[in-house]
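Visitor: Dropping a structure here in structure tokens format, bear with me for questions.
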Amino acid sequence: MAELFSRDPLHDPERSSVQGTEVKTTTCYMCACRCGIRVHLREGEVRYIDGNPEHPLNKGVICAKGSSGIMKQYSPARLTQPLLRKPGADRGVGEFEPISWERAFEILTERLGKIRATDPKKFALFTGRDQMQALTGLFARQFGTPNYAAHGGFCSVNMAAGMIYSVGGSFWEFGGPDLERAKLFVMIGTAEDHHSNPMKMALGKFKREGGRFISINPVRTGYSAIADEWIPIRPGTDGALFMALLHELIEADLIDRPFLQRFTNGPQLVVLDEGEREGLFAFDPDNGPPGDGRNPHNKLAWDTRSQTVVRAYPEGNEEGRELALEGHYQLADGTRVAPAFQLLRERVATTTPEWASAITGIPADRIRRLARELGETALHQAFELPIAWTDSWGKRHETTQGRPVAFHAMRGLAAHSNGFQTVRALAVIMSVLGTIDAPGGFRHKAPYPRHIVPNYRAFNDPAMVKPNTPLNAAPLGFPASPEELAVYADGTPLRIDHAFSWEHPLSAHGMMHNVITNAVRGDPYTVDTLMIFMANMAWNSTMNTMEVREKLNAKNEDGSHRIPFLVVCDAFQSEMVAYADLVLPDTTYLERHDVMSMLDRPISEFDGPVDSVRVPVLPPTGECRPFQEVLVELASRLKFPAFTQEDGSRKFKDYPDFVVNFQAQPGVGFLMGWRGKDGTEHLRGEPNPNQWEMYAKNNCVFQWHMPEDQQYMRNWNQPYLDFAKEKGWRQKNDPVQLAIYSDTLQSFRLAAQGKTQGRQPPDALRERVATYFDPLPFWYPPLENAAIDGERFPLSAITQRPMAMYHSWDSQNAWLRQIHSHNYLHVNSSTAQAAGIADGGWAWVESSWGKVRCMVRFSDAVEPGTVWTWNAIGKASGAWQLAPGADESRKGFLLNHLISEELPLGERRISNSDPITGQAGWYDVRVRLSPAEPEDEATSFPQVPTMPQTPGVLGGARKIISYFASKKS
Ligand code: SF4
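This is the structure we're talking about:
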């Protein structure tokens, strides 16, 4: 036994634990929650990692993933040196030669320099679950390419956009349920481990204090296991449930009328007459141009007291007014109008519980009871906090109204092609109950709320893609009208992923999932260099995985690759690495500086902004370099204006120097704590050369508590809005009225109907845009349903992330693999038995697009029409330095093989995504089950050839084993 272990163990547990011991604080990155951690080192080696009790987010709590960071650090799959594909070697076979960093930079500088000097859009940068989009986005913008995005289009952009376009904020980093004061908590469409430690801590306290927790989900695992009640629902039907809840709430008048009148666009009058103003808000011509998503306040309302039309602002909110939410009216010129809320009322008139029951599988009576419970808790168990605040129209509210109904939702709603309108429907429910930024309801986190529509336009001018010239806007943003789309004059997409085109106009996070397919097809053009950071596009970050792998190696007739140069930056030997022409070895989170910035994705709390950093607690392994350093180096060598002094010398020594000294606007940088030359200013101030040291001395985190009277109702809390503008978190300080009705969506619909003079979609897309850009929420079946034979494929197949692993990062983690090294398909026992499949047996799962073979587990914690599994557990043989016969490849499997990244649209194909936001519809897939035949191999299908060992990979699995040895052999 002793020979099994290395003679050179990493640690000898019998040695003194005191000598040479030190503790360093930093921020976890074993998932995206970003808890504070303490890394305990002895003589430079990590002994263990625990939670930092002084960190505001996790208060010392750590999860299995977080404490297993040590095994990520010492993973045998670590890449350690830059690699260049050998001349003549095919992509995918992994034949590389090691090169120096200087050589890697020379190759990149020469290649990217030429692209930038000729046609910058031929460079595409797409990143996975990184947390530095303020830097990666800046790099793309300075390069001059619009072809940039992170992973959000694949993840949950429907959640972000659906909420932001409705209430100005969204769940998770941007806001969440106030479980401190909620009495009823409804979690819907949330995976078993989303929001991890912070959610678990809040939920535990909520339950201990007697809160009622209802989980609505096709699957009852994770959080749902401790719910007081589980309401199973069919995937992709949540929107129908929400529409029925709205029907019931409005019918029973269980709505917050004063809130709707003052704080939403519910009373604003919508034009009913046909024409170019049809469905838009009526306006006062003497008060400037008509309101729109950028300037939303020139609107009208009907005052029932005076029986006249008044300006919605400020007159509509004067004392003594009573704005109508219902009815039909005429303006002085005869124009027929109705309040937006009236149109919502009409919309939900037919969305009865019986109608929704047939779609969702939830009994109608249960829907009725749920609606009543929501409404009665919000309105009849309401409370007031003794916190006075002042709204945007100068009214002093002596108390703050609590509405103790909180929701949390995520990818279960988002990853469907009807997700945007579904999320809109949820946001409207939250609005009619008056829960937005109210105690006990949904609360924003700084820098949210944003303007509706946010004041961040995406780059959209083809003429501004110019050699050696930065873009005049960021590549990503929030379009407010057809004029802001990124299209050529004929409507052709400007971007390689087709984001912000007529195909997916509001694709605020880009569409990473379509880049490879489009680039290989040359649609709308080919690219020269595709740089991928931390995204496993050759495996679990794509739909239609096997074809994507072929596309990565696709060639022209002359033998050159369709995507001529592929750069992959990753810390581990993922499946994607084998396809690279150039591999850049990244560091782990323990080896680098990082920022969780207000310019990007901070870790703010409800009561104020919070940002944090990572600092290196270990030197880089081998020749690894942080990707941030690579970008700063490249930007300096390519002489991007923001990275270059007037005399042509580089502006920033390295990434830490960049973080300290870069200013997005005067006094506003990546970090908001300890600014000013001597570190005495916070939130805004001059750069501080010692800022990193100050973060390091303060647990790597900076927290700012807003005064109590600025912690709630921030959409309309004028002192807060003024403060937020002053600190650079927002561009305007005007109120953010909730969009019960979206005139922004209507502006796209009018264009599609040919009723406006401006930009119009290509004819092939007119009907699609006119259908889905409905200003009021509605439910429609997922788009895949129309492309397949529903009778042949009667089951929905979905995935979720396991508690113990975050994406594919942890499949090589020696500790976490002890928890699970392969996945099963979880099937309701009645469904499995009807298909003739035994518990633990092998089965075929087929969709219209592909098939997989996997092991089945019976589970009555899944509704009968759904099957599910964990994502990213299945691996290609040999990837991640797992042994070729490892469970992950022999028994593990991916549902991705069953999903198509495109659907037919007339004669052509279009992304299998939400038609509004471009969110990948990967939870829409429909499947059928059959037992595997006895002669079928007892391995998962499909299998791929074993990946060869990548040169320079750390290896050393035996060292890991020796970690567990009690002493040297
Ligand atoms: S919840 Fe996420 S960030 Fe927090 S300790 Fe666990 S893995 Fe780390």
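Final position of the sequence shown in this note's numbering is 969; the numbers increase by one with none missing. In this text, a Cβ means the ideal position worked out from N, Cα and C, and glycines have one as well. Remember, predicted model here, so these are calculated numbers, not experimental data.
(1) Which residues bound the beta strand (DSSP E) around residue 971?
(2) Using CA atoms only, rank isn't needed, just tell me which of 190, 598, 353, 59 is closest to residue 174.
(3) Around the Cβ of residue 100, are there at least 16 other Cβ atoms within 10 angstroms (buried) or fewer (exposed)?
(4) At the level of alpha carbons, what is the spacing between residue 971 and residue 126?
(5) Quick check on DSSP: helix, strand or coil for residue 379?
(6) With hydrogens ignored, establish whether the beta-carbon of residue 204 is closer than 7 Å to any heavy atom of the ligand SF4.
(7) Do you know offhand how far residue 839's Cα is from residue 870's?
(8) What is the DSSP secondary structure of residue 830, counted as helix, strand or coil?
(9) Looking at the unbroken alpha helix (DSSP H) that takes in residue 763, where does it start and where does it end?
(10) Any heavy atom of the ligand SF4 inside 7 Å of the beta-carbon of residue 66?
(11) Please indicate yes or no: does the CB of residue 199 lie closer than 7 Å to some heavy atom of the ligand ATP?
(12) Following the continuous beta strand (DSSP E) through residue 947, name the residue where it begins and the one where it ends.
(13) Which residue comes first and which comes last in the alpha helix (DSSP H) that contains residue 424?
(14) Taking only heavy atoms of the ligand SF4 into account, decide whether any of them is closer than 7 Å to the Cβ of residue 196.
(15) Tell me which residue opens and which closes the beta strand (DSSP E) that residue 611 is part of.
(16) Quick check: does the Cβ of residue 819 come within less than 7 Å of any heavy atom belonging to the ligand SF4?
(17) What separation, rounded to the nearest whole angstrom, lies between the Cα atoms of residue 833 and residue 902?
(18) Please give the ranges of any beta strand (DSSP E) in the segment 489 to 566, keeping only runs that are unbroken, at least 3 residues long and fully inside the region.
(19) Quick check on the DSSP output: what are the complete alpha helix (DSSP H) runs of length 4 or more inside the segment 240 to 265, in order along the chain?
(20) Assuming residue 504 contacts residue 911 (C-beta within less than 8 Å), just tell me the rounded distance between them.
(21) What first and last residue would you give for the beta strand (DSSP E) that runs through residue 96?
(22) Do residue 331 and residue 309 have their CB atoms nearer than 8 Å?
(23) Can you list, in chain order, the residues of its chain whose CB lies under 6 Å from that of residue 779, leaving out five sequence neighbours each side?
(24) Does the distance from the CB of residue 479 to the CB of residue 506 come in under 8 Å?
(25) Can you tell me where the beta strand (DSSP E) holding residue 888 begins and where it ends?
(26) Around the Cβ of residue 545, are there at least 16 other Cβ atoms within 10 angstroms (buried) or fewer (exposed)?
(27) With distances taken Cα to Cα, identify the nearest neighbour of residue 981 among 550, 580, 518, 508.
(28) To which residues of the same chain is residue 758 closer than 7 Å at the C-beta, ignoring the five residues directly before and after it?
(29) Report yes or no: do the segment 894 to 908 and the segment 536 to 545 share at least 3 C-beta pairs separated by less than 8 Å?
(30) Put residue 851 into one of helix, strand or coil per three-state DSSP.
(31) Secondary structure at residue 452, three-state DSSP: helix, strand or coil?
(32) Are residue 424 and residue 166 closer than 8 Å when you measure CB to CB?
(33) Taking buried to mean at least 16 other C-beta atoms within 10 Å of its own C-beta, is residue 226 buried or exposed?
(34) Alpha carbon to alpha carbon, what distance is there between residue 862 and residue 40?
(35) I'd like the list of long-range same chain contacts for residue 731, defined as Cβ closer than 8 Å, with 5 residues on each side in sequence excluded.
(36) Classify residue 108: buried if its beta carbon has 16 or more other beta carbons within 10 angstroms, exposed otherwise.
Guide: Reading off the structure:
(1) With the chain covering 1 to 969 only, the question about residue 971 has no answer from this structure.
(2) For residue 174, the nearest C-alpha among the options comes from 598.
(3) exposed
(4) Outside the displayed span of the chain (1 to 969) sits residue 971, for which this structure offers no information.
(5) helix
(6) Flag unset: Cβ of residue 204 not near the ligand SF4.
(7) 17 Å
(8) helix
(9) 763 to 772
(10) yes
(11) This structure does not include the ligand ATP; its bound ligands are the ligand SF4.
(12) Bounds of any beta strand (DSSP E) do not take in residue 947, whose DSSP letter is neither H nor E.
(13) It spans 419 to 432 - the alpha helix (DSSP H) in which residue 424 sits, taken as one unbroken run.
(14) yes
(15) Start and end: 610 to 614.
(16) No.
(17) 33 Å
(18) 529 to 533
(19) Within the segment 240 to 265, the complete alpha helix (DSSP H) runs of at least 4 residues are 257 to 263.
(20) 7 Å
(21) 96 to 98
(22) yes
(23) 239, 240, 243
(24) Residue 479 places its beta carbon less than 8 Å from that of residue 506.
(25) No beta strand (DSSP E) contains residue 888, which is instead part of the alpha helix (DSSP H) from 887 to 890.
(26) buried
(27) Residue 981 is absent from the structure shown; the chain starts at 1 and stops at 969.
(28) 482, 483, 751, listed in sequence order.
(29) yes
(30) strand
(31) Shown here, residue 452 sits in coil according to DSSP, grouped into three states, outside any helix or strand.
(32) yes
(33) exposed
(34) 41 Å
(35) 451, 455, 725
(36) buried
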